[in-house]
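Participant: Mind looking over this structure? Questions follow.
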Amino acid sequence: MTQRTSLDFKILLQVLFISLIVLPATAQVGAQDLSRFFKETKGAFVLYDLKQNRYLRHNQTRCRQRFSPFSTFKIPNSLIGLETKVLTDADYLMHWEPQKYPEAKDWTDPPFVHWKQDQTLRSALKYSVVWYYRELAKRVGASQMKKYVAAFGYGNQDTSGGLASAQLFQAFWLNSSLQISADEQIEFLKKFYTGKLPVTERSTAIVKDILVLEKTPNYTLSGKTGGGSLPGGNSLGWFVGYLETKGNVYFFATNIEGANYAAIRDRRIELTKQILAELGYMPK
Numbered sequence: 003m004t005q006r007t008s009l010d011f012k013i014l015l016q017v018l019f020i021s022l023i024v025l026p027a028t029a030q031v032g033a034q035d036l037s038r039f040f041k042e043t044k045g046a047f048v049l050y051d052l053k054q055n056r057y058l059r060h061n062q063t064r065c066r067q068r069f070s071p072f073s074t075f076k077i078p079n080s081l082i083g084l085e086t087k088v089l090t091d092a093d094y095l096m097h098w099e100p101q102k103y104p105e106a107k108d109w110t111d112p113p114f115v116h117w118k119q120d121q122t123l124r125s126a127l128k129y130s131v132v133w134y135y136r137e138l139a140k141r142v143g144a145s146q147m148k149k150y151v152a153a154f155g156y157g158n159q160d161t162s163g164g165l166a167s168a169q170l171f172q173a174f175w176l177n178s179s180l181q182i183s184a185d186e187q188i189e190f191l192k193k194f195y196t197g198k199l200p201v202t203e204r205s206t207a208i209v210k211d212i213l214v215l216e217k218t219p220n221y222t223l224s225g226k227t228g229g230g231s232l233p234g235g236n237s238l239g240w241f242v243g244y245l246e247t248k249g250n251v252y253f254f255a256t257n258i259e260g261a262n263y264a265a266i267r268d269r270r271i272e273l274t275k276q277i278l279a280e281l282g283y284m285p286k
């Protein structure tokens with residue numbers, strides 16, 4: 003073996019040795035086992051690390067499975083309302099019309115107890131007020147809704163379920179034609195956060211502002227829940243959003259199943275925050 007060949011061989015060995023050290027570190031997030039968080043819960047979780055361009059998933063098959071977005075669609079719905087000028091800002095007021103959207107018997111429980119009054123965009127998102135967003139979508143119109151859902155690349159982009167139903171909880175994003183997976187929720191959120199959607203900076207800034215759930219000196223948690231019935235009677239719960247820390251952003255999408263709405267209402271948020279805390283991204 004010549005001196006040059008020997009030198010090249012040594013360099014190759016050094017590169018391979020370094021690779022063996024570095025690769026496990028770069029793959030560490032993806033190798034995290036989150037199954038213990040789902041021992042008594044059927045669901046999926048996706049996390050995307052913006053700085054490292056890495057994904058972490060629990061139940062990869064389910065992460066690709068599409069479900070109704072339910073009220074997580076309020077994120078694109080808000081953007082569309084602002085872009086089409088149906089909404090002017092976060093304080094845009096709509097009056098509750100009891101004859102048009104009558105009170106239901108379960109409106110005594112949170113968040114429904116807040117629905118029996120006039121709403122702004124900010125309060126409607128906070129309390130997930132379905133009648134406000136049904137009215138918003140109607141004012142935007144089916145053709146514009148279809149156009150923007152396609153432009154956003156949102157899920158299966160199918161708005162054929164329509165807007166015209168007399169039932170409050172029937173629209174294309176409520177257990178109807180529009181479907182989206184946890185993986186696709188992440189891709190939409192990434193485009194939204196990084197300004198890659200075909201909307202103005204102003205619309206993006208307004209929606210980012212109203213999505214904030216917790217703000218501390220060390221992190222800001224933003225997101226939206228969603229929930230509804232599944233075939234067979236179980237309830238599906240979504241929690242999607244992002245966690246901003248000093249120097250990084252972590253996008254997340256969680257969906258879980260429960261016997262009823264009460265079983266998933268708080269659990270979808272608690273589970274997500276437990277995982278984020280376990281990963282060291284927010285306090286336990």
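Each residue of the sequence shown is one higher than the one before, counting from 3 in this note's numbering. Don't be surprised by glycine CBs; every beta carbon is placed ideally from N, CA and C.
1. My output table needs one value for Y221: the three-state DSSP class, helix, strand or coil.
2. Report buried or exposed for S37, applying the criterion of at least 16 other Cβ atoms within 10 angstroms of its Cβ.
3. Note down, one range per segment and in chain order, each beta strand (DSSP E) of at least 3 residues found wholly within the stretch 240-278.
4. Expressed to the nearest angstrom, what Euclidean distance is found between the alpha-carbon atoms of N79 and Y135?
5. If we count the other Cβ atoms within 10 Å of its Cβ and call it buried at 16 or more, is D111 buried or exposed?
6. Mind checking A207: buried by the 16 CB within 10 Å criterion, or exposed?
7. Kindly confirm or deny that the stretch 50-60 and the stretch 111-127 touch, where touching means at least three C-beta pairs closer than 8 Å.
8. With C-beta atoms as the reference, is I258 less than 9 Å away from G239?
9. Provide the residue span of the alpha helix (DSSP H) that contains A1, from first to last.
10. Can you tell me where the beta strand (DSSP E) holding F190 begins and where it ends?
11. Looking at C-alpha atoms only, which residue of L81, K140, L245, D211 is the closest neighbour of V151?
12. Going by DSSP, what residue range makes up the alpha helix (DSSP H) through R204?
13. Assuming the contact rule is C-beta atoms closer than 8 Å, G163 and S179 should be a hit. Round their C-beta distance to whole Å, please.
14. As a quick exercise: from Q276, I188, G230, pick the residue whose alpha carbon is nearest that of A287.
15. Using CA atoms only, rank isn't needed, just tell me which of Y263, I277, R269, I271 is closest to D108.
16. Quick one: grab the DSSP three-state call for F69.
17. Report the residue ranges of all alpha helix (DSSP H) runs contained in full by the stretch 32-88; include only those spanning at least 4 residues, in chain order.
Facilitator: So, from the listed chains and residues:
1. Within the sequence shown, numbered from 1, the residue matching residue 221 stands at position 219. Strand, per DSSP.
2. Stepping through the sequence shown from its first residue, residue 37 is reached at position 35. When all chains shown are included, S37 counts as exposed.
3. 250-260
4. Counting from 1 along the sequence shown, the entry for residue 79 is found at position 77. Counting from 1 along the sequence shown, the entry for residue 135 is found at position 133. N79 and Y135: Cα-Cα distance of roughly 7 Å.
5. In the sequence shown, counting from the first residue as 1, residue 111 sits at position 109. With fewer than 16 Cβ atoms within 10 Å of its Cβ, D111 is classed as exposed.
6. For this step, residue 207 is matched to residue 205 along the sequence shown. It counts as exposed.
7. Too few Cβ pairs lie closer than 8 Å, so no.
8. Indexing the sequence shown from 1 puts residue 258 at position 256. Indexing the sequence shown from 1 puts residue 239 at position 237. Yes, they are a contact pair.
9. What is shown of the chain runs 3 to 286, which leaves residue 1 out entirely.
10. Within the sequence shown, the letter at position 188 stands for residue 190. Here F190 belongs to no beta strand (DSSP E); instead the alpha helix (DSSP H) covers 184-195.
11. Residue numbering aside, residue 151 sits at position 149 when the sequence shown is read from its first letter. Nearest of L81, K140, L245, D211 to V151, Cα basis: L81.
12. Here residue 204 refers to the residue found at position 202 of the sequence shown. Here the alpha helix (DSSP H) through R204 covers 203-213.
13. To locate residue 163, count along the sequence shown from 1; it is residue 161. To locate residue 179, count along the sequence shown from 1; it is residue 177. Contact flag correct, Cβ pair sits at about 4 Å.
14. Residue coverage of the chain in this structure runs from 3 to 286, which leaves residue 287 outside it and unanswerable.
15. For the purposes of this step, residue 108 is identified with residue 106 of the sequence shown, where counting begins at 1. The option with the nearest alpha carbon to D108 is Y263.
16. One-based indexing of the sequence shown puts residue 69 at position 67. DSSP places F69 in strand when its eight states are reduced to three.
17. 62-65, 76-85
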